[in-house]
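>
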DNA sequence: CAGTGGTCTAGACCACGAT
DNA sequence: TCGTGGTCTAGACCACTGG
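Protein chains in written order, with full-length UniProt numbering: chain G, 1 to 227; chain D, 1 to 227.
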């Protein structure tokens with residue numbers, strides 16, 4: 001048995017025992033180093049693998065913590081973030097980072113001269129777990145800034161702009177947080193995540209908005225029902 | 001700019017330039033160490049993040065390589081692995097590792113005294129990208145071993161056992177390969193993956209089989225159409 | 001202020017792959 | 001046999017957190 005595996009298994013055991021529970025802080029890297037008569041490099045090897053497993057996560061220079069329960073998400077059905085979180089016992093929050101207007105870009109797929117760019121961070125139980133970029137037509141959604149943007153954009157589009165989203169297409173892959181996103185979620189730049197590129201269409205099959213979401217990989221679990 | 005980020009960006013650039021293309025071998029860790037007047041620890045920091053991004057992967061003691069194109073997969077629709085791979089220009093293979101009979105276990109969800117346990121590894125262009133465990137009732141699928149098990153199990157169930165799968169439920173999460181799976185895919189134990197737990201039901205809503213798949217995270221991309 | 005994680009140096013030995 | 005990645009030691013300095 002390799003040393004880093006022993007350390008990993010030791011922490012697995014702490015978790016199984018419930019010696020440490022969701023949200024708790026793990027022993028410090030230097031404490032583990034001493035306990036296993038090893039070095040910090042080796043201790044971190046074990047911790048990083050536990051993070052990749054989704055069992056623990058680090059807060060910059062604060063320590064390592066046990067991952068709370070994951071949000072169960074159904075990507076094929078339109079659901080309101082707050083509703084979903086509430087059903088599963090989480091306190092949900094949305095923070096609007098910025099709303100800007102920028103020139104359209106070639107691969108946006110949206111037929112418009114310029115685009116709104118909305119950046120938001122969403123939290124579960126005060127833990128920032130998702131960052132998203134939303135792009136949409138400035139003309140179609142004129143004065144978007146006059147609405148409260150920390151709720152459901154789908155609702156605003158439906159009630160304020162008579163735009164009903166009736167089809168969406170998501171491409172989901174596993175990667176790491178881009179550096180600018182990592183900063184906003186207060187994570188390290190190598191943190192694994194699920195990247196979701198979602199395009200939503202109206203009844204005329206025109207692209208309504210373009211959404212790029214980055215979810216912490218240990219904060220979400222997808223459920224897909226087929227056939 | 002941190003040193004490991006410089007190394008990472010340098011390799012990003014090689015990829016963008018097409019100086020190295022899908023399947024190519026990267027410079028060795030020691031070559032990069034020398035080029036950047038650094039140490040292997042720091043070089044590996046950069047390489048491991050590129051691996052987490054899904055851009056490169058390592059083969060044990062052979063070197064680091066550029067990740068080929070990902071298989072696009074629609075989890076909500078029943079599709080044959082070979083068909084899907086062929087449509088996207090891959091050569092697909094399935095290797096049966098083992099077929100055993102074991103006592104039923106409490107959380108299998110299958111109503112049966114004993115279960116078949118089928119273990120398979122699937123490859124794209126000769127690269128092992130997925131390991132799966134399939135569990136099903138030994139009585140319902142008597143003499144399963146008499147059929148060729150490297151193709152579609154769904155087809156065998158339909159044509160040989162008059163069992164049509166008409167509903168399925170998948171839970172998808174991001175984690176790392178368990179050690180025993182890592183060995184079968186010839187990967188290191190910390191390799192990130194998508195874990196898919198799939199339950200499939202017949203027209204009577206009875207559980208037909210229980211399937212646990214581990215996909216290399218850089219070999220697959222999910223596409224979900226909604227509403 | 002002390003303690004923490006983040007980054008980095010300068011080496012080492014090993015098992016395994018390619019040849 | 002030699003080069004590769006996998007693992008490990010024994011330190012170091014820094015930025016930031018928390019009391």
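The beta carbon of each residue, even a glycine, is placed where N, CA and C say it ideally should be.
(1) Between residue 225 of chain D and residue 211 of chain G, is the Cβ-Cβ spacing less than 8 Å?
(2) For a test of the three-state rule: what should DSSP assign to residue 117 of chain D, helix, strand or coil?
(3) Identify the continuous beta strand (DSSP E) that holds residue 211 of chain D and give its terminal residues.
(4) Can you give the Cα-Cα distance for residue 93 of chain G and residue 123 of chain D, rounded to whole angstroms?
(5) In chain order, what are the residue ranges of uninterrupted beta strand (DSSP E) at least 3 long that sit wholly in the UniProt domain "HTH gntR-type" (1-69) of chain D?
(6) At a Cβ threshold of 8 Å, is residue 217 of chain G touching chain D?
(7) Please identify, using Cβ separations under 7 Å, the residues of the region 150-167 of chain G that lie next to chain D, in order along the chain.
(8) Quick one, which residues of the region 170-199 of chain G are near chain D if we go by CB-CB under 7 Å, in chain order?
(9) I want to see whether chain D comes within less than 8 Å of residue 142 of chain G, judged by CB atoms only; does it?
(10) Closer than 7 Å by C-beta to residue 199 of chain G: which residues in its own chain qualify, once you throw out the five before and the five after it? Chain order, please.
(11) Hey, residue 174 of chain G and residue 217 of chain G: beta-carbon distance below 8 Å or not?
(12) Within a Cβ cutoff of 7 Å, which residues of the same chain sit near residue 142 of chain G, ignoring the five residues on either side of it in sequence?
(13) Name the residues in the region 22-46 of chain G whose C-beta lies less than 9 Å from a C-beta of chain D; which are they?
(14) With distance defined between alpha-carbon atoms, name the residue in D:26, D:41, D:12 and D:95 nearest to residue 126 of chain D.
(15) Among D:33, D:39, D:60 and D:64, which has the Cα closest to the Cα of residue 22 of chain D?
(16) Are there three or more Cβ pairs, one per stretch, closer than 8 Å when the region 67-83 of chain D is compared with the region 141-155 of chain D?
(17) So that I know if they touch, is there some Cβ in chain G lying closer than 8 Å to that of residue 54 of chain D?
(18) Cα-Cα, which of G:190, G:221, G:223 and G:205 is closest to residue 60 of chain G?
(19) Taking Cβ to Cβ, would you say residue 26 of chain G is nearer than 8 Å to residue 56 of chain G?
(20) Identify, in the order they occur along the chain, each residue of the same chain with its Cβ nearer than 7 Å to the Cβ of residue 131 of chain G, setting aside the five sequence neighbours on each side.
(21) Given that residue 60 of chain G touches chain D, what residues does it touch there, using C-beta distances under 9 Å?
(22) With DSSP as the reference, identify every bridge partner of residue 178 of chain G, one or two as the case may be.
(23) Do the CB positions of residue 221 of chain D and residue 70 of chain D come within less than 8 Å of each other?
(24) Strictly by DSSP, which residues pair up with residue 99 of chain G?
(25) Just the C-alpha distance for residue 106 of chain G and residue 72 of chain D, rounded to the nearest angstrom, thanks.
(26) Do you know offhand how far residue 18 of chain G's Cα is from residue 34 of chain G's?
(27) Residues of chain G with CB closer than 8 Å to the CB of residue 226 of chain D, please, in chain order.
(28) Would you check if the distance between the CB atom of residue 134 of chain G and the CB atom of residue 147 of chain G is smaller than 8 Å?
(29) Taking residue 111 of chain D as the reference, give the member of D:195, D:139, D:12 and D:48 with the closest Cα.
(30) Beta-carbon separation of residue 51 of chain G and residue 40 of chain G under 8 Å?
(31) Select from G:164, G:87 and G:116 the residue whose C-alpha is nearest the C-alpha of residue 98 of chain G.
(32) Identify each residue in the region 120-142 of chain G for which the Cβ-Cβ distance to at least one residue of chain D is less than 9 Å, and report them in chain order.
(33) Taking the alpha carbon of residue 113 of chain D as the reference point, which residue from D:136, D:62 and D:119 has its own alpha carbon closest?
(34) According to DSSP, simplified to helix, strand and coil, what is residue 110 of chain G?
(35) Provide the residue span of the alpha helix (DSSP H) that contains residue 128 of chain D, from first to last.
With the given structure in hand:
(1) Looking up residue 225 of chain D in the second chain gives position 225. Looking up residue 211 of chain G in the first chain gives position 211. Cβ distance not < 8 Å, so residue 225 of chain D and residue 211 of chain G don't count as in contact.
(2) Taking the second chain and counting its residues from 1, the one referred to as residue 117 of chain D is at position 117. Assigned with DSSP and collapsed to three states, residue 117 of chain D falls in strand.
(3) Locating residue 211 of chain D in the second chain gives position 211, where the first residue counts as 1. Its beta strand (DSSP E) spans residues 207-216.
(4) Reading the first chain from its first residue, position 93 is the one you call residue 93 of chain G. Reading the second chain from its first residue, position 123 is the one you call residue 123 of chain D. Residue 93 of chain G and residue 123 of chain D have their C-alpha atoms spaced approximately 42 Å apart.
(5) The qualifying runs are 56-59 and 63-66.
(6) Stepping through the first chain from its first residue, residue 217 of chain G is reached at position 217. Nearest CB-CB separation between residue 217 of chain G and chain D: below the 8 Å threshold.
(7) Taking 7 Å as the Cβ-Cβ cut-off against chain D, the residues of the region 150-167 of chain G that qualify are 166 and 167.
(8) Under the 7 Å Cβ criterion, the region 170-199 of chain G contributes 170, 171, 172, 173, 174, 175, 176, 190, 192 and 194.
(9) For the purposes of this step, residue 142 of chain G is taken as residue 142 along the first chain, with counting starting at 1. Chain D contact via Cβ: absent.
(10) Locating residue 199 of chain G in the first chain gives position 199, counting from the first residue. Counting only Cβ-Cβ distances below 7 Å, and skipping sequence neighbours, we find 109, 168, 169, 207 and 210.
(11) For this step, residue 174 of chain G is matched to residue 174 along the first chain. For this step, residue 217 of chain G is matched to residue 217 along the first chain. Taking C-beta atoms as the reference points, residue 174 of chain G and residue 217 of chain G count as a pair closer than 8 Å.
(12) Indexing the first chain from 1 puts residue 142 of chain G at position 142. Hits under 7 Å: none found.
(13) Correct list: 41 and 45.
(14) As a first step, residue 126 of chain D must be located in the second chain, where it is residue number 126. Nearest of D:26, D:41, D:12 and D:95 to residue 126 of chain D, Cα basis: D:95.
(15) Within the second chain, residue 22 of chain D is the residue found at index 22, counting from 1. Taking only the C-alpha atoms, the option nearest residue 22 of chain D is D:64.
(16) Contact between the region 67-83 of chain D and the region 141-155 of chain D is present: 3 or more CB-CB pairs across the two stretches fall below 8 Å.
(17) Start at 1 with the first residue of the second chain, and residue 54 of chain D comes out as number 54. Chain G, which has a Cβ nearer than 8 Å to the Cβ of residue 54 of chain D, makes this yes.
(18) Counting from 1 along the first chain, the entry for residue 60 of chain G is found at position 60. Looking at the Cα atoms, G:190 is the closest of the given residues.
(19) The residue labelled residue 26 of chain G in the question sits at position 26 within the first chain. The residue labelled residue 56 of chain G in the question sits at position 56 within the first chain. It is a contact, given that the beta carbons lie within the stated cut-off.
(20) Taking the first residue of the first chain as position 1, residue 131 of chain G is located at position 131. So the qualifying residues of the chain are 121, 181, 184, 185 and 214.
(21) Position 60 of the first chain, counting from 1, holds the residue named residue 60 of chain G. Near residue 60 of chain G there are no residues of chain D at all, since even the closest Cβ is about 14 Å away, more than 9 Å.
(22) Counted from its first residue, the first chain places residue 178 of chain G at position 178. Bridge pairing for residue 178 of chain G: absent [DSSP].
(23) Stepping through the second chain from its first residue, residue 221 of chain D is reached at position 221. Stepping through the second chain from its first residue, residue 70 of chain D is reached at position 70. In terms of Cβ geometry, residue 221 of chain D and residue 70 of chain D form a close pair [threshold 8 Å].
(24) The count along the first chain starts at 1 and reaches residue 99 of chain G at position 99. The secondary-structure analysis by DSSP pairs residue 99 of chain G across a beta bridge with G:118.
(25) On the first chain, position 106 is the one that residue 106 of chain G refers to. On the second chain, position 72 is the one that residue 72 of chain D refers to. Rounded to whole angstroms, the separation of the alpha carbons of residue 72 of chain D and residue 106 of chain G is 23 Å.
(26) The sequence position of residue 18 of chain G within the first chain is 18, counting from 1. The sequence position of residue 34 of chain G within the first chain is 34, counting from 1. Distance from the CA atom of residue 18 of chain G to the CA atom of residue 34 of chain G, rounded to whole angstroms, is 23 Å.
(27) By one-based count along the second chain, residue 226 of chain D stands at place 226. Here the neighbours are 75, 76, 77, 78, 167, 168, 169 and 170.
(28) Here the question's residue 134 of chain G lines up with position 134 in the first chain. Here the question's residue 147 of chain G lines up with position 147 in the first chain. Contact flag unset, no.
(29) Reading the second chain from its first residue, position 111 is the one you call residue 111 of chain D. Residue D:139 is the option with its Cα nearest to residue 111 of chain D.
(30) Within the first chain, the letter at position 51 stands for residue 51 of chain G. Within the first chain, the letter at position 40 stands for residue 40 of chain G. The criterion of a C-beta distance shorter than 8 Å is not satisfied by residue 51 of chain G and residue 40 of chain G.
(31) Locating residue 98 of chain G in the first chain gives position 98, counting from the first residue. Per the Cα distances, G:116.
(32) So nothing in the stretch comes that close.
(33) On the second chain, residue 113 of chain D is found 113 positions in, with the first residue counted as 1. Among D:136, D:62 and D:119, the Cα nearest to that of residue 113 of chain D is on D:136.
(34) Looking up residue 110 of chain G in the first chain gives position 110. Correct three-state label for residue 110 of chain G: coil.
(35) Taking the first residue of the second chain as position 1, residue 128 of chain D is located at position 128. If you look at residue 128 of chain D, you'll find it isn't in any alpha helix (DSSP H); it sits in the beta strand (DSSP E) that goes 127-137.
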